[in-house]
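Beneath this line is the structure, given in structure tokens, with notes to follow.
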Amino acid sequence: MTDAYAFEAARVSAWSDTSRLISQGGIDELAAHAEENDRSGRLSDRSIDVLREAGYFGLPVPRDFEGQGASVEECCAVQRRIGAADPALAIATSMHLFSVGVVVEHWNRNHDESWMLLEAIASQQRIVSNAFAEPGLAGALTRSNCVARRSGEDWILDGLKVPCSLAERSDLLCLQMMDEQDGEDALMVALLATRSPGIRTERTWNTLGMRATESDSVRFEQCRFSDDLVFHRTEPGSQSDEVFAAGIAWFCVASTASYLGVISAAVDESRVALQKSRITHLDASRSQLPSFQGALGDIMSLVLPMEWSCAGLARQLGEKGTDPRALIPSALALKQQTAQLATTAVAMAAELVGVGSYSANGKVARLLRDAQAARYHPPTRFATRQLLGRWALGLPFGFELDENPVGDH
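Counting in this note's numbering, the sequence shown runs from 591 upward without gaps.
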């Protein structure tokens, strides 16, 4: 078999080599902390330090602003590697990438003072927690139940955000809120210091899987902040805003890449188990038997097209001149298929590992739990399938659940 067919090389052929952005030694160290992170339900400080030492938190920030200048696809390739090492860390940090990606996309289109936010994030390796999720929104990202009111030149905000990954250890919060005066640009996006007066984090995250994402609650109680911290405004519920569309696409490809890493780790566990486990009456390892070979092949036939789809969409998103709104249906479809693939492929791999994957502890059991989280990232399946159906029918659509009839009677 030629090197071109070697499994380790061909399985990642869709992706760029990102060893210059984070070394394999760094990835291996992240993997070494994953089990304890899951057990404790919190990330070790060392997991964050490894990323900080690699300059990870400035990954998508342009080099002109002291960042790594990584493309969207390179960011996703890094997320895939982190996902294989520590799924919870990958999902938590994909929220950071989503937040920073929104600021990058805003700056790319406006070239305003938002560059200072990017430079501060990259030069000081600040962690940005994404605070878009709220109770009662059904996963909508272009609305908010948190209302800000004017007070002189400032704003005062009250509300609750949950779950917010890395909330407690973050330096900044990226959040959307509503201007109480309403209007066409009433949805505001701001970047606030996490330890500002009127902001309180609460440890509320205790889950089956993705236990170490630290996706806690953030309360805003009479939180006063200056208007210059609002870096973007748009119409609530609108699908016409390029920055929001680009941000949603960033999240779709980054989270998909993270779950592809989770699947990759499960496949590796199954390959090792098949090679080690012997069936005595056949005098052969399971890896030698066509039935088990075919079962592993079934997994690969599901996964490989998704690798190329994610990498290709990420590359297109990063191309100059691309209108991200044209990519939204594909990005959301990719994310929805990933939610199904993650649970299915990891379960198929666990079956190949055997009954050991059903133990209370162990890597495969952890991966089985972690994969379930793919179902719950907004926009969830209920909103996504509706959006895609309306889009295919040429009807108006939005990024949120809408139970009203649409179209001509």
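We put the CB at the ideal spot given by N, CA and C, even for glycine.
Since this is a predicted model, take the numbers as computed values, not measurements.
Please state whether DSSP places residue i in a helix, a strand or coil.
| i | result |
| --- | --- |
| Trp795 | coil |
| Thr824 | strand |
| Val602 | coil |
| Arg632 | coil |
| Arg733 | coil |
| Asn951 | coil |
| Asn720 | strand |
| Arg671 | helix |
| Ile789 | strand |
| Gln714 | coil |
Within 10 Å of its beta-carbon, does residue i have 16 or more other beta-carbons around it, so buried, or fewer, so exposed?
| i | result |
| --- | --- |
| Lys925 | buried |
| Ser684 | buried |
| Tyr646 | buried |
| Gln714 | exposed |
| Ser689 | buried |
| Val862 | exposed |
| Gly673 | buried |
| Gln658 | buried |
| Val693 | buried |
| Phe987 | buried |
| Thr794 | exposed |
| Ala904 | buried |
| Pro914 | buried |
| Leu985 | exposed |
| Val954 | buried |
In terms of alpha-carbon separation, which member of the options lies closest to residue i?
| i | options | result |
| --- | --- | --- |
| Ala678 | Val718, Leu756 and Pro652 | Leu756 |
| Ala939 | Lys910, Leu750, Val893 and Glu625 | Val893 |
| Trp981 | Lys866, Gln829 and Thr928 | Gln829 |
| Leu633 | Ser606, Asp676 and Ser661 | Asp676 |
| Leu687 | Glu724, His822, Gly837 and Thr912 | Gly837 |
| Ala783 | Leu762, Ala738, Thr794 and Ala680 | Leu762 |
| Asp831 | His696, Leu781 and Asp593 | His696 |
| Arg975 | Asn994, Tyr595, Val945 and Phe989 | Phe989 |
| Met896 | Gln930, Ser704 and Ser807 | Gln930 |
| Ser920 | Pro826, Ala855 and Gly979 | Gly979 |
| Glu770 | Arg733, Leu798 and Gly946 | Arg733 |
| Leu641 | Leu864, Gln614, Lys751 and Asp992 | Gln614 |
| Pro652 | Val668, Leu985 and Gly691 | Gly691 |
| Thr824 | Asn796, Glu774, Arg868 and Ser867 | Glu774 |
| Glu758 | Asp635, Leu872, Lys866 and Asn698 | Asp635 |
Provide the residue(s) that pair with residue i in DSSP beta bridges, ordered along the chain.
| i | result |
| --- | --- |
| Val779 | Gln766 and His822 |
| Gly749 | Phe810 |
| Asp744 | Ser741 and Ser816 |
| Ala874 | Ile869 |
| Cys754 | Asp806 |
Pull up the CB-CB distance for residue i and residue j, whole angstroms please, since I reckon it's below 8 Å.
| i | j | result |
| --- | --- | --- |
| Glu664 | Leu611 | 6 Å |
| Ser637 | Leu620 | 6 Å |
| Gly749 | Phe810 | 5 Å |
| Thr928 | Thr846 | 4 Å |
| Leu917 | Gln906 | 6 Å |
| Gly788 | Gln766 | No, Gly788 and Gln766 are not in contact; Cβ-Cβ is about 17 Å, not under 8 Å. |
| Val852 | Asp960 | 6 Å |
| Phe848 | Arg670 | Phe is not the amino acid found at residue 848; the sequence shown has Ser there. Ser848 to Arg670, Cβ: 7 Å. Contact. |
| Ala935 | Ile889 | 5 Å |
| Pro880 | Gly729 | Actually they do not touch by this definition, with Cβ atoms about 43 Å apart. |
| Phe1031 | Leu942 | Outside the displayed range of the chain (591 to 999) lies residue 1031, so it cannot be described from this structure. |
| Leu707 | Leu781 | 6 Å |
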